[in-house]
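Numbering (this note's numbering), first residue to last: 3 to 262.
We treat Cβ as the ideally placed atom computed from N, Cα and C, and that holds for glycine.
Please read these numbers as outputs of a predicted model, since none were measured by experiment.
Single-structure report; data block below.
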Amino acid sequence: MKKILVAATIILLAFFFRFNNLNWDENFHLHPDERFLTMVGTAMKIPSSITQYFDQKTSLLNPSNIGYNFFVYGRFPLILTKYLAVVYKLDNYNDFTILGRQLSAFFDFLVVILIFKTVLFLEKHYRFLPSIKYWASFFYAIAVLPIQLSHFFAVDTFLNFFMFGSFYLALRVGRDRPLQNTILSATFFGLALACKVTALFILPLNLFFLIKTVFVRRQSLIKITGFVFGYFLISYFILRIADPYLFQNSNVFDPTINIT
3 MKKILVAATI ILLAFFFRFN NLNWDENFHL HPDERFLTMV GTAMKIPSSI TQYFDQKTSL
63 LNPSNIGYNF FVYGRFPLIL TKYLAVVYKL DNYNDFTILG RQLSAFFDFL VVILIFKTVL
123 FLEKHYRFLP SIKYWASFFY AIAVLPIQLS HFFAVDTFLN FFMFGSFYLA LRVGRDRPLQ
183 NTILSATFFG LALACKVTAL FILPLNLFFL IKTVFVRRQS LIKITGFVFG YFLISYFILR
243 IADPYLFQNS NVFDPTINIT
């Protein structure tokens, strides 16, 4: 009972600190990056078909086609927010920002849970002290930077969640449902790349745990190569779906990056 109360307290604290006073600037749009994302997001239009969604030249979800050629972020957070804004009739300058902040807070809230689950996994398999999972999630729950970022509509918390999720799932590959966790880890990594290219920094760590699993099972070099290739292939296809405008054209066999 005591453990449940401690975990519940941490969860409630994390939720409160992230969702409290999300309209902190009272619709004055004081954050410049956030203001830019809102301007781009509200200018976007939902494509009329799946074909148009994947067409870099005509899709109005592509910032380059609506007058914003200089767009340095991944487009997935903005695309996700746009679809939700249209569905819930929040596609206007003020509500779009608040929705973006809510999503930002939501994804960072999920990171608190991921931290708890990651340390719980390490506790079971690597003899971590039982109290560490509570301390780790508690310190992240009250940390200033994540709380601050949760109150901004930017790509940072989206990126953090999908990066950490890909790591957590890669960590599980060697102990539990290797095929399923490999596919999920690759999916999360692809979504992380669709948020920001700096997601690449988590890749060496993910590959370490994946390759370690194959080595422990004494697989051949061909199987190791195939395992890693499969991971990259899944991530690539997820990236093409989540951020198709990163690429020069809609041909999945042409990975040329769009530099315009």
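query	result
If the criterion is Cβ atoms closer than 8 Å, does the pair Leu241 and Asn260 meet it?	no
Go ahead and label Asp256 buried or exposed: buried means 16 or more other beta carbons lie within 10 angstroms of its beta carbon, across all protein chains shown.	exposed
Indicate whether Ile144 and Leu24 have their beta-carbon atoms separated by less than 8 Å.	no
On the CB-based measure, 16 or more other CB atoms within 10 Å of its CB, does Met46 come out buried or exposed?	buried
Can you check whether the CB of Phe166 is closer than 8 Å to the CB of Leu113?	One detail in the question is off: residue 113 reads as Val in this sequence, not Leu. The answer is yes: Cβ separation under 8 Å.
Can you list the beta strand (DSSP E) stretches of 3 or more residues lying completely in the stretch 149-183, in chain order?	none
With respect to the alpha helix (DSSP H) encompassing His127, which residues constitute its N-terminal and C-terminal limits?	95-128
Select from Leu212, Lys198, Cys197 the residue whose C-alpha is nearest the C-alpha of Leu186.	Leu212
Using the DSSP secondary-structure output, state which residues sit across from Ile259 in a beta bridge.	Phe249
Does the Cβ-Cβ distance between Leu195 and Gly76 come in under 8 Å?	yes
Can you check which of these residues, Leu122, Leu193, Asp158, Tyr170, is closest to Asn208 by C-alpha distance?	Tyr170
Would you report the Cα separation of Ser152 and Asp245, rounded to the nearest angstrom?	22 Å
Roughly how many whole angstroms lie between the Cα atoms of Thr227 and Asp57?	32 Å
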